[in-house]
Structures are given as C-alpha cells and as structure tokens.
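In the numbering used here, the protein residues as written are 620 to 796.
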C-alpha cells in the first residue's frame, strides 16, 4: 500500500482523458484512478476549476466533468483559504521574481491567481505531497537568457518538493490494464 500523498497537475488529467485513456475505451483506468485517489490524491480547487469550470450547463459537460463530480474520491483542498499555503505561494512568486533564470513574463504568468502551478507547489510544500505532472524540467535555464516559461519541476526542486511523472504514479499504484 502506498502511503504518500499526491497532487496531480491539470495536465495529467487532460492528457489521460484526451490522448491515452478515453473513458469509453479505458473505463478500467478511470476506476483505478478513482480507487487510488481515495486516500492519497488531493485536488486543488484551482485544478478543479481548470478542468471543470463552474457554471457549466449539464449539456456542456463532458465525461471528465462528470467523473470529477461523481467518481473522484480524493480530497479537495481549498488552497486559497489556508494561511500556510498563501504564505508559501507568496514565497514561490518571490523566488520567481528574484531568480536570474526568469523574466518579467514568467512572473506575470505565475502571479495570475488562476494559474495552478504555484498553488500546486505551495500546497505540496505545506502538506508534504509529491507532485505528479507531465511537465519536465528545463535543463537549459541560463541566467544570461532568462525565460518566461516556468516549469513546475524546476521550482519544486528549489523548495524541496518531489515531482514524478504520471507513469511513475501509475507504477506506484500498480495500474494494470
């Protein structure tokens, strides 16, 4: 049994749903994901909002919307209501602002409260979670040429947060089809 806690990035749901594990073809994947999420996976409000925006009419909802509402068994975190997460979020934005590797565009993107990435890292820091994402580190960060594209693994590493791929998550939970 896996006793770690995980936060799945929005892209892990979208890529699973749209590319690899469509609901009609791989219902067993979504059932297994529901089971895995019961005790170990946390869904931030901002991720839920990215995946299934509030105010959608039932006719506009897709399979992902219904799965999130009816079958996701994980824990929801209202990250913007917790002081510890808000403080860590501010630290993360300050790191991006002060880092020689990122330009103003990077900070502008991440400072948007609707962007989930800094919230994911802040929550993972505060709740000792592993981040699951399909993003990969930018191994070519260069102080001489700052980028506007911040990657979760790079910043998470600076804050001591573990990051794994969706496939490593599936291995940890012994997904089999």
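Ideal placement from N, C-alpha and C gives every residue a C-beta, glycine not left out.
- If you ignore the 5 residues before and after residue 783, its C-beta comes within less than 7 Å of the C-beta of 749, 751, all in its own chain and listed in chain order.
- The three-state secondary structure of residue 749, taken from DSSP, is strand.
- The beta carbon of residue 719 sits closer than 6 Å to the beta carbons of 762 from its chain, once the five residues preceding and following it are set aside; these are given in chain order.
- For residue 659 and residue 769, the gap between their C-alpha atoms comes out near 27 Å.
- Cβ-Cβ distances below 8 Å link residue 766 to 720, 721, 722, 725, 757, 760 in the same chain, with the five nearest sequence neighbours on each side left out; the list follows chain order.
- Checking the DSSP bridge columns, you'll see residue 660 partnered with 625.
- Residue 766 has 721 as its beta-bridge partners, per DSSP.
- Rounded to whole angstroms, residue 747 and residue 624 show a C-alpha spacing of 7 Å.
- Close CB contacts of residue 745 within its chain, under the 8 Å cut and outside five residues either way in sequence, are with 701, 703, 704, 707 (chain order).
- Residue 646 and residue 793 have their C-alpha atoms some 16 Å from each other.
- In the structure shown, residue 782 adopts extended strand secondary structure according to DSSP, grouped into three states.
- Using a 10 angstroms sphere on the CB of residue 774, the tally of other CB atoms reaches 16 or more, which defines it as buried.
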